Amino acid sequence: MGSKSGQLHIFFFPFLAHGHLIPTIDIAKLFTARGVKATIVTTPRNVPLVSKTHGMKIDILIIKFPAVEAGLPQGCENCDSLNSPEMASNFIKATKMLQQPLEQLLQDYNPNCLVADSFFPWATDVASKFGIPRLVFNGISFFSMFADHTIRLYEPHKKVFSDSETFVIPNFPGEIKLTRMQLPDYIQQEVETDFSKFLKEVMESELRSYGFVVNSFYELEPDYADHYRKLLDIATGLEASGQQFIWVVRKVKNDEKEEEDWLTKGFEKSMEGKGLIIRGWAPQVLILDHEAVGGFVTHCGWNSILEGVTAGVPMVTWPMSGEQFYNEKLVTQVLEIGIGVGAQKWGRVEGDSIKSEAIEKAVRRIMVGEEAEEMRGKAKALGEMARRAVEEGGSSYSDLNALIEELR
Numbered sequence: 001m002g003s004k005s006g007q008l009h010i011f012f013f014p015f016l017a018h019g020h021l022i023p024t025i026d027i028a029k030l031f032t033a034r035g036v037k038a039t040i041v042t043t044p045r046n047v048p049l050v051s052k053t054h055g056m057k058i059d060i061l062i063i064k065f066p067a068v069e070a071g072l073p074q075g076c077e078n079c080d081s082l083n084s085p086e087m088a089s090n091f092i093k094a095t096k097m098l099q100q101p102l103e104q105l106l107q108d109y110n111p112n113c114l115v116a117d118s119f120f121p122w123a124t125d126v127a128s129k130f131g132i133p134r135l136v137f138n139g140i141s142f143f144s145m146f147a148d149h150t151i152r153l154y155e156p157h158k159k160v161f162s163d164s165e166t167f168v169i170p171n172f173p174g175e176i177k178l179t180r181m182q183l184p185d186y187i188q189q190e191v192e193t194d195f196s197k198f199l200k201e202v203m204e205s206e207l208r209s210y211g212f213v214v215n216s217f218y219e220l221e222p223d224y225a226d227h228y229r230k231l232l233d234i235a236t237g238l239e240a241s242g243q244q245f246i247w248v249v250r251k252v253k254n255d256e257k258e259e260e261d262w263l264t265k266g267f268e269k270s271m272e273g274k275g276l277i278i279r280g281w282a283p284q285v286l287i288l289d290h291e292a293v294g295g296f297v298t299h300c301g302w303n304s305i306l307e308g309v310t311a312g313v314p315m316v317t318w319p320m321s322g323e324q325f326y327n328e329k330l331v332t333q334v335l336e337i338g339i340g341v342g343a344q345k346w347g348r349v350e351g352d353s354i355k356s357e358a359i360e361k362a363v364r365r366i367m368v369g370e371e372a373e374e375m376r377g378k379a380k381a382l383g384e385m386a387r388r389a390v391e392e393g394g395s396s397y398s399d400l401n402a403l404i405e406e407l408r
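Each residue of the sequence shown is one higher than the last, beginning at 1 in the UniProt record's numbering.
Next up, the structure:
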């Protein structure tokens, strides 16, 4: 696949949400570090995030986001500002209107490849129209992708008698157990919704694309990477803990100085020297990488898990929504570097309410005793694997080089 201008040029088109934008930018950096020209296509309100984060020579092209045309408030250009199912539906509608302006940019700039988020299913046909490969960026793990596809294919949750009864994911490496309550609502619902139809479009588009870019590394989940590749081949051919802590919470919207309802009176004062509460954004990677950090309580978003793995720290898992329950099983049952707090129910807006005793017990288990030492050893070993994977000769380093050579 020859370059049209001598230098390989790749367009990156991330979905408009922080959890999609940031890893896409990180991946674009990896390409530019190897001499590839990278261009990120985004909308006006998302430019500050892209500009502030990339730190390397990455071009940015801007396309208008049709918020008002799709029934959204003016300036609503990022998923983080959505607060209702109707807004989410309109947001997806708006992203479909980005096809024409993206096509115009492809025509004007003539890149060699389009790396588009999985939530732009129409991007496969657009790339085909211009005779270039479309790589799907999927911001979740191989484990979660494969688990989700397998459950949707075999529907094991329909064979149990209650929401709390466990089932094993069929034709899946390891005996991974889940309950109906832990599944996303789009799987639980009997009636097909607009979102479940959209996810079918996503899946069909993925199968017709040139390939995937996954934010992971092979040694972390080899069985699931291998099995997911096989699946695609078949589908295409067929406080209480007593530990010191940093707690990152959402900022109170009305008054930054107001003490939140959920904090007991004087809690923050009593924790001085023992615990630090950060409201709003925190430098998570920097914190996790500090030698004093011995554990990480996480809602199991894939970006956070990767950061925890790379830092080599064991985790307390508290999944809530998205693919987080799948990720929890990878951490606790497969990698064995984490302890769950006992979350049982998937929720789009709010997860399970967990008793303080369960949090205390889980934190103690990853911090104190023989079990904690064993987990810490496994976590550190995975952290070393992660570092080797991106070094010269490592699996991720070699895979990226191989992809670049294939695209040239």
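By construction, the Cβ of each residue, glycine as well, lies at the ideal position given by its N, Cα and C atoms.
The model shown is predicted, which means the values in this text are computed figures rather than measured ones.
So is residue i buried or exposed if we call it buried at 16+ other beta carbons inside 10 Å?
{"i": "residue 290", "result": "exposed"}
{"i": "residue 50", "result": "buried"}
{"i": "residue 84", "result": "exposed"}
{"i": "residue 298", "result": "buried"}
{"i": "residue 136", "result": "buried"}
{"i": "residue 56", "result": "exposed"}
{"i": "residue 255", "result": "Confidence at residue 255 is low in this model, with a pLDDT of 46, below 50, so its placement is unreliable and the value that follows should be read with caution. Classification of residue 255: exposed, given that the 10 Å Cβ count is below 16."}
{"i": "residue 409", "result": "Nothing about residue 409 can be read from this structure; the chain reaches only from 1 to 408."}
{"i": "residue 400", "result": "buried"}
{"i": "residue 301", "result": "buried"}
{"i": "residue 161", "result": "exposed"}
{"i": "residue 398", "result": "exposed"}
{"i": "residue 148", "result": "buried"}
{"i": "residue 357", "result": "exposed"}
{"i": "residue 238", "result": "The predicted position of residue 238 is uncertain, since its pLDDT is 43 and thus under 50; a value taken from the coordinates is nonetheless stated next. The residue in question, residue 238, is exposed, as its Cβ has fewer than 16 Cβ neighbours within 10 Å."}
{"i": "residue 402", "result": "exposed"}
{"i": "residue 393", "result": "exposed"}
{"i": "residue 236", "result": "Because residue 236 carries a pLDDT of 49, less than 50, the predicted location of this residue cannot be relied on, and the following value inherits that uncertainty. Exposed, because fewer than 16 other Cβ atoms sit within 10 Å of the Cβ of residue 236."}
{"i": "residue 77", "result": "buried"}
{"i": "residue 292", "result": "exposed"}
Is any heavy atom in the ligand MG found nearer than 8 Å to the beta carbon of residue i?
{"i": "residue 355", "result": "As far as ligands go, the structure on display features none, and thus does not contain the ligand MG."}
Identify which residue in the options has its Cα closest to the Cα of residue i.
{"i": "residue 286", "options": "308, 35, 44, 60", "result": "308"}
{"i": "residue 378", "options": "338, 342, 140, 215", "result": "338"}
{"i": "residue 127", "options": "342, 403, 208, 384", "result": "208"}
{"i": "residue 179", "options": "62, 58, 171, 325", "result": "325"}
{"i": "residue 183", "options": "157, 229, 388, 10", "result": "157"}
{"i": "residue 150", "options": "62, 203, 401, 65", "result": "203"}
{"i": "residue 310", "options": "334, 382, 376", "result": "382"}
{"i": "residue 362", "options": "376, 340, 375, 344", "result": "340"}
{"i": "residue 19", "options": "217, 140, 65", "result": "140"}
{"i": "residue 409", "options": "188, 81, 146", "result": "This structure leaves residue 409 out entirely; the chain is present only between 1 and 408."}
{"i": "residue 313", "options": "393, 354, 288, 46", "result": "288"}
{"i": "residue 7", "options": "15, 17, 31", "result": "31"}
{"i": "residue 130", "options": "396, 100, 119, 163", "result": "100"}
{"i": "residue 40", "options": "376, 114, 200, 66", "result": "114"}
{"i": "residue 336", "options": "323, 345, 317, 322", "result": "317"}
{"i": "residue 143", "options": "185, 169, 392", "result": "169"}
{"i": "residue 37", "options": "358, 64, 43, 60", "result": "60"}
{"i": "residue 375", "options": "394, 396, 315, 384", "result": "315"}
{"i": "residue 218", "options": "163, 395, 283, 227", "result": "395"}
{"i": "residue 165", "options": "181, 153, 152, 154", "result": "181"}
{"i": "residue 408", "options": "28, 35, 12", "result": "35"}
{"i": "residue 152", "options": "189, 163, 119, 118", "result": "189"}
{"i": "residue 79", "options": "103, 33, 110, 14", "result": "14"}
{"i": "residue 323", "options": "11, 88, 77, 186", "result": "186"}
{"i": "residue 104", "options": "387, 64, 68", "result": "64"}
Are the CB atoms of residue i and residue j nearer to each other than 9 Å?
{"i": "residue 121", "j": "residue 198", "result": "yes"}
{"i": "residue 334", "j": "residue 221", "result": "yes"}
{"i": "residue 347", "j": "residue 320", "result": "yes"}
{"i": "residue 354", "j": "residue 343", "result": "yes"}
{"i": "residue 9", "j": "residue 112", "result": "yes"}
{"i": "residue 62", "j": "residue 44", "result": "yes"}
{"i": "residue 42", "j": "residue 16", "result": "yes"}
{"i": "residue 27", "j": "residue 303", "result": "no"}
{"i": "residue 116", "j": "residue 195", "result": "no"}
{"i": "residue 213", "j": "residue 138", "result": "yes"}
{"i": "residue 109", "j": "residue 11", "result": "yes"}
Every unbroken alpha helix (DSSP H) inside the stretch 123-209 [4 residues or more]: 123-129, 142-154, 185-188, 194-208
Stretch-stretch touch, CB-based, cutoff 8 Å, three pairs: the stretch 364-373 with the stretch 326-336: no
Indicate whether the contact test is met: 3 or more Cβ pairs, each with one atom in the stretch 67-74 and one in the stretch 17-25, closer than 8 Å. Not touching, per the Cβ criterion.
Would you call the stretch 111-127 in contact with the stretch 205-223, where contact means no fewer than 3 C-beta pairs closer than 8 Å? yes
Counting beta carbon pairs with one atom in the stretch 165-178 and one in the stretch 83-99, are three or more of them shorter than 8 Å? no
Please go through the stretch 289-319 and give each complete alpha helix (DSSP H) segment of 4 or more residues, from N-terminal end onward. 302-311
Minimum length 4: unbroken alpha helix (DSSP H) runs contained in the stretch 333-400: Positions of the alpha helix (DSSP H) runs, each at least 4 residues long and wholly inside the stretch 333-400, are given as 356-367, 370-390 in order along the chain.
Enumerated in chain order, which unbroken segments of the alpha helix (DSSP H) with a length of 4 residues or greater are wholly contained in the stretch 29-60? 47-54
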